[in-house]
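Enquirer: My questions will all concern the structure given below.
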Amino acid sequence: MKILCIADIHGELESILKVGMFAKERGIRDIIILGDFTKSGKFRDVNRNLGDAEYVFITLDSFDFNILAIPGNCDSKEILKLFNEFNSNLHEKVKEICGIAFIGLGGSNPTPFNTPFEFNEQEIYNKLKEIMEKCADNKNKILITHCPPKDTKCDYTGSGHVGSGSLRKIVEEFQPGLVVCSHIHECGGETDKIGETKIANIGMLGSMRCGIIDTGTLDIGLMRME
């Protein structure tokens, strides 16, 4: 089974129809969205954030996709209610698909921009540890996070590595099969490994980047949508 992953939409709503067509042409029925729905500089407008997210869900729903979503750091806390209305909320939740536990955590570690959906590192560790322990019996796990783990090829900016140290610690301790992330636009399309765990930054939709998870191999292919 194939699952399309997109992230960092940032108001590029005209691309959503292309996403639907891209998935439909490949027989993909499931889509995971990794947050940041609204244009940079406009994300503090809660109504705009909710309106952008609702447009994304309604457009993709018209293709009859199964959708899961987590918030980005630039999304409002109110967006979780919208996710629940569309039965798509993966934030701090586990959904089993094809025998694989998909574990979601949106938002990010603290940024210099004081964005709406941030957690301190201890919160990130505690939240993920609790979820990981609840699904300990399932050996096949995929972590869906907005931010990447620290000190990888997936979290580097000109100022250094800015990912979450707590997320890295969780990966080291629990070794899920795959971590799918975004958030750091400069690293879109990059992959790395922590132990045996593959880390993949799928990139931003504005660059038409995406990832396709293969549940049979517990792997992901990164590409640009043509």
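The sequence shown begins at 21 in my numbering and counts up one residue at a time. We put the beta carbon where it would ideally sit given N, CA and C, even for glycine. These figures come from a predicted structure and were not determined experimentally.
1) Ordered along the chain, which non-local residues of its own chain (more than five positions away) have a Cβ less than 7 Å from that of residue 79?
2) Restricting to runs no shorter than 3 residues, where is the beta strand (DSSP E) found entirely within the stretch 54 to 123?
3) On the premise that residue 95 lies in contact with residue 65, defined as a C-beta separation below 8 Å, what is that separation, rounded to the nearest angstrom?
4) Beta-carbon separation of residue 30 and residue 226 under 8 Å?
5) In the structure shown, what three-state DSSP assignment does residue 188 receive?
6) Just the C-alpha distance for residue 109 and residue 88, rounded to the nearest angstrom, thanks.
7) Write down the C-beta distance between residue 106 and residue 43 rounded to the nearest angstrom, noting that I regard them as a contact closer than 8 Å.
8) Under three-state DSSP, which class holds residue 148?
9) Got a sec, what are the start and stop residues for the alpha helix (DSSP H) residue 243 sits in?
10) Identify whether residue 128 lies in helix, strand or coil by the three-state DSSP scheme.
11) Excluding the 5 residues preceding and the 5 following residue 48 in the sequence, name in chain order all residues of the same chain whose CB lies nearer than 6 Å to its CB.
12) Residue 200 to residue 131, Cα distance in whole Å?
13) Thinking C-beta only, is residue 198 closer than 8 Å to residue 162?
14) How is residue 220 classed by DSSP in three states: helix, strand or coil?
15) Within the continuous beta strand (DSSP E) that includes residue 23, where are the two ends?
16) Provide the residue(s) that pair with residue 231 in DSSP beta bridges, ordered along the chain.
Expert: By the coordinates alone:
1) For the purposes of this step, residue 79 is taken as residue 59 along the sequence shown, with counting starting at 1. Around residue 79: 36, 37 and 40.
2) 86 to 89 and 114 to 117
3) The sequence position of residue 65 within the sequence shown is 45, counting from 1. The sequence position of residue 95 within the sequence shown is 75, counting from 1. Actually they are not in contact, since the Cβ atoms of residue 65 and residue 95 sit about 12 Å apart, beyond 8 Å.
4) On the sequence shown, residue 30 is found 10 positions in, with the first residue counted as 1. On the sequence shown, residue 226 is found 206 positions in, with the first residue counted as 1. Closer than 8 Å, so yes.
5) One-based indexing of the sequence shown puts residue 188 at position 168. If DSSP states are grouped into helix, strand and coil, residue 188 belongs with the helices.
6) Your numbering for residue 109 matches position 89 in the sequence shown. Your numbering for residue 88 matches position 68 in the sequence shown. Straight-line Cα distance between these residues: approximately 6 Å.
7) By one-based count along the sequence shown, residue 106 stands at place 86. By one-based count along the sequence shown, residue 43 stands at place 23. Not confirmed; about 17 Å, so no contact.
8) Translated into positions along the sequence shown, residue 148 becomes position 128. Reduced to three states, the DSSP call for residue 148 is helix.
9) Along the sequence shown, one-based indexing puts residue 243 at 223. Looking at the DSSP string, residue 243 is not in any alpha helix (DSSP H); the run it does join, the beta strand (DSSP E), is 239 to 244.
10) The residue labelled residue 128 in the question sits at position 108 within the sequence shown. Strand at residue 128.
11) Locating residue 48 in the sequence shown gives position 28, counting from the first residue. Counting only Cβ-Cβ distances below 6 Å, and skipping sequence neighbours, we find 22 and 24.
12) Your numbering for residue 200 matches position 180 in the sequence shown. Your numbering for residue 131 matches position 111 in the sequence shown. So the two alpha carbons sit approximately 20 Å from each other.
13) For the purposes of this step, residue 162 is identified with residue 142 of the sequence shown, where counting begins at 1. For the purposes of this step, residue 198 is identified with residue 178 of the sequence shown, where counting begins at 1. Against a cut-off of 8 Å, the Cβ pair of residue 198 and residue 162 comes out as a contact.
14) Along the sequence shown, read from residue 1 onward, the residue named residue 220 stands at position 200. Residue state, collapsed to three classes: strand.
15) Translated into the one-based positions of the sequence shown, residue 23 becomes position 3. Its beta strand (DSSP E) spans residues 22 to 26.
16) Residue 231 sits at position 211 when you count from the first residue of the sequence shown. Paired residues: 25 and 242.
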